[in-house]
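Using our numbering, the letters of the sequence shown map in sequence onto residues 59 to 283. Ideal Cβ positions, reconstructed from N, Cα and C, are used throughout, including at glycine. Since this is a predicted model, take the numbers as computed values, not measurements. Heads up, the thing below is written out as structure tokens.
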Amino acid sequence: MRLLLVEDDPRTADYVVKGLSEAGHICDLLRDGRDGLFVATRDAYDVIVADRMLPGLDGLSMIKAVRAAGVRTPAIFLTSVGGVDDRVEGLEAGGDDYLVKPFAFSELLARINALGRRPAAQEQKTMLRIADLEMDLIMRRVTRQGQAIDLQPREFSLLEVLMRGEGRVITRTMLLERVWDFHFDPKTSVVETHISRLRAKVDKPFDVSLIHTVRNTGYSLHAPS
């Protein structure tokens with residue numbers, strides 16, 4: 059299975075990732091709730107494992123937002139917050155299971171496997187649409203007003219991230235991580251250069267701009283209000 063682990067404690071994260079990898083699963087690790095929300099609503103996972111106490115956005119709010127976005131991926135809370143009211147709160151927020159730290163890895167693995175056996179609640183999107191802009195994820199094709207737009211692979215990935223985050227601000231740091239897999243700032247204008255190229259193809263030939271700059275923050279792609 060492909061799993062998403064959102065856990066900021068280094069020892070717990072390393073322990074869980076190692077165990078899940080040894081069990082034959084692919085595990086993506088994030089340490090911030092905002093990043094967890096972004097990735098969980100962008101990519102397809104079989105199970106989400108999330109701590110409740112996270113920087114950026116707490117795990118409870120993250121799972122609530124994931125559910126509000128229509129994502130039905132099974133989720134298990136892995137947390138030291140273990141009172142009865144806390145467990146109820148977690149399940150009512152959209153969690154499917156709740157495991158309190160300290161925990162036995164064998165129990166966590168069994169619970170993940172049980173959640174993974176549940177039938178999928180939704181189909182993965184294969185087509186993204188915003189206004190008159192369409193992206194076919196299977197054919198790797200982009201059109202606007204029915205006109206084909208020729209994009210390089212990196213431009214396609216950049217546009218996909220922006221479209222999946224429709225209406226939200228996508229920061230430069232997030233783009234560096236999602237499109238270039240940089241987990242540091244290389245101090246180059248690579249993002250700005252590719253955004254400029256993307257605008258020349260997606261916006262410039264048409265009457266309405268869809269890609270917007272959010273000053274000192276990042277970019278947002280959305281239809282005109």
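Residue from the options with nearest C-alpha to residue i
{"i": "VAL74", "options": "LYS159, VAL237, LYS245", "result": "LYS159"}
{"i": "GLN210", "options": "GLY174, HIS252, ASP72, GLU235", "result": "HIS252"}
{"i": "VAL100", "options": "ARG199, ALA172, ASN274, LEU62", "result": "It should be pointed out that residue 100 corresponds to Arg in this sequence rather than to Val. Of the listed residues, the one whose Cα sits closest to ARG100 is LEU62."}
{"i": "VAL272", "options": "GLY141, HIS241, THR229, GLY152", "result": "THR229"}
{"i": "VAL5", "options": "THR184, ALA98, GLU80", "result": "Examination of residue 5 is not possible in this model, given that the chain is present from 59 through 283 alone."}
{"i": "THR131", "options": "PHE264, VAL107, ARG199", "result": "VAL107"}
{"i": "GLY94", "options": "ASP261, ALA133, GLU80", "result": "ALA133"}
{"i": "ASP67", "options": "ASP239, ASP109, GLY223, PHE96", "result": "ASP109"}
{"i": "LEU88", "options": "PHE161, GLY141, ASP261, ASP116", "result": "ASP116"}
{"i": "GLY223", "options": "ARG175, HIS270, VAL146, LEU118", "result": "HIS270"}
{"i": "HIS83", "options": "ASP104, THR70, PHE96", "result": "ASP104"}
{"i": "ASP194", "options": "VAL249, MET221, GLY152", "result": "MET221"}
{"i": "GLU213", "options": "VAL248, THR184, GLY225", "result": "VAL248"}
{"i": "ALA126", "options": "GLY141, ARG69, GLY153", "result": "GLY153"}
{"i": "ASN274", "options": "THR184, PRO282, GLU250", "result": "GLU250"}
{"i": "ARG60", "options": "ARG175, ARG198, PRO263, THR184", "result": "ARG175"}
Residue i - DSSP class collapsed to helix/strand/coil
{"i": "ILE269", "result": "strand"}
{"i": "MET185", "result": "strand"}
{"i": "SER119", "result": "helix"}
{"i": "ILE196", "result": "coil"}
{"i": "ASP239", "result": "coil"}
{"i": "GLN180", "result": "A caution first: GLN180 carries a pLDDT of 47, below 50, which makes its placement in the model too unreliable to give a value."}
{"i": "LEU166", "result": "helix"}
{"i": "GLY174", "result": "helix"}
{"i": "LEU157", "result": "strand"}
{"i": "LEU191", "result": "strand"}
{"i": "LEU256", "result": "helix"}
{"i": "GLU224", "result": "coil"}
{"i": "ASP143", "result": "helix"}
{"i": "PHE264", "result": "coil"}
{"i": "PRO113", "result": "coil"}
Check whether residue i and residue j have beta carbons under 8 Å apart
{"i": "GLY276", "j": "VAL227", "result": "yes"}
{"i": "LEU286", "j": "ASP155", "result": "Missing from the structure shown is residue 286; the chain here goes from 59 to 283 and no further."}
{"i": "LEU279", "j": "ILE188", "result": "yes"}
{"i": "LEU186", "j": "ARG169", "result": "no"}
{"i": "GLY114", "j": "GLY91", "result": "yes"}
{"i": "LEU268", "j": "LEU149", "result": "no"}
{"i": "GLY77", "j": "PHE163", "result": "yes"}
{"i": "LEU136", "j": "PHE96", "result": "no"}
{"i": "LEU112", "j": "ALA151", "result": "no"}
{"i": "VAL139", "j": "ILE207", "result": "no"}
Identified DSSP bridge partners for residue i
{"i": "ALA206", "result": "THR201"}
{"i": "ALA133", "result": "ILE106"}
{"i": "ASP86", "result": "LEU62"}
{"i": "THR229", "result": "GLY276"}
{"i": "LEU8", "result": "Residue coverage of the chain in this structure runs from 59 to 283, which leaves residue 8 outside it and unanswerable."}
The ligand MN heavy atom lying under 7 Å from the CB of residue i
{"i": "PRO113", "result": "Ligands in the displayed structure: none, and consequently the ligand MN is not present."}
* To do: Mind the definition here: the region 256-267 touches the region 206-225 only if three or more C-beta pairs lie below 8 Å; say whether that holds.
  => yes
* Taking 8 Å as the threshold, find out whether the region 232-242 comes into contact with the region 200-207 through three or more Cβ pairs. => no
* Should the region 120-130 be regarded as contacting the region 243-251, the criterion being three or more beta carbon pairs within less than 8 Å? -> no
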